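As given, the protein sequences belong to chains S and V, one line each in that order. Start counting at 1 in the first sequence, then tack on 525, and there's your number in our numbering. Start counting at 1 in the second sequence, then tack on 525, and there's your number in our numbering. For reference, the structure is listed below as structure tokens.
There are 2 protein chains.
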Amino acid sequence: MKTKILYAEDEPFLGKIVKESLESRGFEVIMVTDGKDGLVAYGQHKPDICVLDVMLPNKDGFKLATEIRQLNPAIPIVFLTAKTQTDDLVKGFQSGGNDYIRKPFSMEELIIRINNLLNLTQQKNTNVANVINIGKYEVFLNKYELTNQNKTKKLSHREAELIKILSENRNSIVSRKDILMQIWGDDSYFNSRNLDVYMTKLREYFKDDPSLEIMTIKGVGYFFRV
Amino acid sequence: MKTKILYAEDEPFLGKIVKESLESRGFEVIMVTDGKDGLVAYGQHKPDICVLDVMLPNKDGFKLATEIRQLNPAIPIVFLTAKTQTDDLVKGFQSGGNDYIRKPFSMEELIIRINNLLNLTQQKNTNVANVINIGKYEVFLNKYELTNQNKTKKLSHREAELIKILSENRNSIVSRKDILMQIWGDDSYFNSRNLDVYMTKLREYFKDDPSLEIMTIKGVGYFFRV
DNA sequence: AGTGTTTAACCTAAATTAACCTTAAATCAA
DNA sequence: TTGATTTAAGGTTAATTTAGGTTAAACACT
Chain S
526 MKTKILYAED EPFLGKIVKE SLESRGFEVI MVTDGKDGLV AYGQHKPDIC
576 VLDVMLPNKD GFKLATEIRQ LNPAIPIVFL TAKTQTDDLV KGFQSGGNDY
626 IRKPFSMEEL IIRINNLLNL TQQKNTNVAN VINIGKYEVF LNKYELTNQN
676 KTKKLSHREA ELIKILSENR NSIVSRKDIL MQIWGDDSYF NSRNLDVYMT
726 KLREYFKDDP SLEIMTIKGV GYFFRV
Chain V
526 MKTKILYAED EPFLGKIVKE SLESRGFEVI MVTDGKDGLV AYGQHKPDIC
576 VLDVMLPNKD GFKLATEIRQ LNPAIPIVFL TAKTQTDDLV KGFQSGGNDY
626 IRKPFSMEEL IIRINNLLNL TQQKNTNVAN VINIGKYEVF LNKYELTNQN
676 KTKKLSHREA ELIKILSENR NSIVSRKDIL MQIWGDDSYF NSRNLDVYMT
726 KLREYFKDDP SLEIMTIKGV GYFFRV
């Protein structure tokens, strides 16, 4: 199932670009251009995460956030703020499941923050759901399944372990040795070859989404860019 | 490496339970029972995160936090407050890398907050300076890519490290030894030759933009004119 | 028999080492 | 004190080594 984003933005040109860009990464985007519409849209679509411009007509992003939080205290929210916004105001909201990005921002940055926040909230529910979002894929650790919109791929135990370790360390370097120790318990020659084999498999599974890359850092480990 | 927590708590019974509980979750805990000792312990152990009871003998948690922040403005701090504490005071500190928890609290809650704060601050560090502009080039450190308008060149780990060091010191002198120590960890003869090899490569990559020059200062180091 | 996992053989690319070349600085000769 | 000579630092290119990747076959569990 796609991750739903409520996106509140009143600049039509920027809004269009960001919306399409997010959709091309596999997100479902509900966009509103007015603060008043935000709460209604929230109730109708129950998004997984909100991306709110702070400056909105009729009701600003913070006010909207406060109202949404009353309905769902745990929902992650990303604020988009102009350079001129005072820090204090912004910082007050920068806690728990919140984050904020200064305009102008790169799509890269927005997507990383969204993924990070989704991941954080999912980690809280770890025992319950065991679902990981990776690009346009979803991994159900308890079911050993990898889904890509329509398709479902069964994962083996090793494959699932490896995906879990990589996604826990997304956008940072994991050492080869740590992976070997965590999965096989020792980093002997054969297990090392073995890890190579599984890396090849995962790269094959994730190849449909070009925003994902498992990069090798030779002599060090891997960097899972998400 | 274990995450280190500085834990300031004067109630011995509660302190013991929380300390052991955190340790059983894989944290390393340095515990102090007096506000005065907090700063010393901070300096000695350089913890990754602080958990401070607000009511402490000799120096309260807020005062201690302020002093620690002077040494490290980015360190995340969780305050533990009794029910009676006024909200206003607490809220003033609820910003940036701070969070607070009302006593009595569950261990679950404490651990979730600690993990969230650690995650947030770590993510910030990975996102901040990932794109470097150098002349007409852009370097995406997280993707290990160097782009020049149309063309994209994949960088190896060593190449990226070297570009990062040079660009961090653009228009000033970096010593050869510093580079060697930072990348290879020692400045032996062979690594020194090695550095020469990578310098040749970088000069080749940057040769399209004549405004850029990696100048050698013999016997000293390099000067990256940008 | 049919997965999942390990071993193996062969391949590719990055990092290191090596050999030889260039140049700046230091020394020396007039 | 200037230009020639020496010397050491660094540059260049290529060969070698090593880490890791790919594919397929062997093995081990149900």
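C-beta atoms are modelled at their ideal positions from N, C-alpha and C, and glycine is treated no differently. This one's a predicted model, so the numbers in the text were calculated from it and none came from an experiment.
According to the Cβ coordinates, are residue i and residue j closer than 9 Å?
i                : j                : result
Trp709 (chain V) : Asn719 (chain V) : yes
Tyr669 (chain S) : Ser681 (chain S) : yes
Val579 (chain S) : Leu539 (chain S) : no
Asn583 (chain V) : Lys561 (chain V) : yes
Leu643 (chain V) : Thr558 (chain V) : no
Gly660 (chain S) : Phe715 (chain S) : no
Asn655 (chain V) : Asn667 (chain V) : yes
Ile688 (chain V) : Val699 (chain V) : no
Leu574 (chain V) : Val543 (chain V) : Note that residue 574 (chain V) is Ile in the sequence shown, not Leu. Contact flag unset, no.
Val554 (chain V) : Tyr532 (chain V) : yes
Asp711 (chain V) : Arg701 (chain V) : no
Ile739 (chain S) : Leu727 (chain S) : yes
Asn694 (chain V) : Phe749 (chain V) : yes
Glu534 (chain V) : Val576 (chain V) : yes
Gly563 (chain V) : Ile593 (chain V) : yes
Asp734 (chain S) : Asn641 (chain S) : no
Leu547 (chain S) : Ile636 (chain S) : yes
Ile626 (chain S) : Glu634 (chain S) : yes
Ile704 (chain V) : Gly744 (chain V) : no
Ala607 (chain S) : Lys588 (chain S) : no
Taking the beta strand (DSSP E) that residue i belongs to, which residues open and close that run?
i                : result
Lys676 (chain S) : Lys676 to Lys679
Tyr747 (chain V) : Gly746 to Arg750
Ile574 (chain S) : Ile574 to Asp578
Met556 (chain S) : Glu553 to Val557
Leu605 (chain V) : Ile602 to Thr606
Ser697 (chain S) : Neither: Ser697 (chain S) is in no beta strand (DSSP E) and is coded neither H nor E.
Along chain S, in chain order, which residues have C-beta atoms closer than 7 Å to that of residue i?
i                : result
Tyr669 (chain V) : Met740
Taking CB distances under 9 Å as the criterion, tell me whether residue i reaches chain S.
i                : result
His682 (chain V) : yes
Phe655 (chain V) : The residue asked about is misnamed: residue 655 (chain V) is Asn in this sequence, not Phe. With 9 Å as the cut-off, Asn655 (chain V) counts as an interface residue toward chain S.
Lys544 (chain V) : no
Thr528 (chain V) : no
Asp733 (chain V) : no
Leu605 (chain V) : no
Going along chain V, which residues have a C-beta under 8 Å from residue i?
i                : result
Arg750 (chain S) : Asn667 and Lys668
Taking 9 Å as the CB-CB limit, is residue i close to chain V?
i                : result
Lys743 (chain S) : yes
Glu686 (chain S) : no
Asn597 (chain S) : no
Asn675 (chain S) : no
Ser700 (chain S) : no
Ser631 (chain S) : yes
Arg594 (chain S) : no
Tyr747 (chain S) : no
Ser620 (chain S) : Because the pLDDT at Ser620 (chain S) is just 45, under 50, the model does not fix this residue reliably, and the value given afterwards should be weighed accordingly. Closer than 9 Å to some Cβ of chain V, the Cβ of Ser620 (chain S) qualifies, so yes.
Name the chain V residues whose beta carbon is nearer than 9 Å to that of residue i?
i                : result
Asn658 (chain S) : The contacting residues do not exist; Asn658 (chain S) stays about 15 Å from chain V at best.
Based on the DSSP secondary-structure assignment, which residues constitute the bridge partners of residue i?
i                : result
Asn658 (chain V) : V:Glu663
Asn673 (chain S) : S:Tyr662 and S:Lys676
Ser692 (chain V) : Answer is none; Ser692 (chain V) lacks a bridge partner.
Met740 (chain S) : S:Phe748
Tyr625 (chain S) : S:Phe604
For the alpha helix (DSSP H) containing residue i, name the first residue and the last one.
i                : result
Ala533 (chain S) : Unbroken run through Ala533 (chain S) is the beta strand (DSSP E), Lys529 to Ala533; no alpha helix (DSSP H).
Phe538 (chain S) : Pro537 to Ser549
Lys726 (chain S) : Tyr714 to Tyr730
Phe587 (chain S) : Gly586 to Leu596
Asp562 (chain V) : Gly560 to His570
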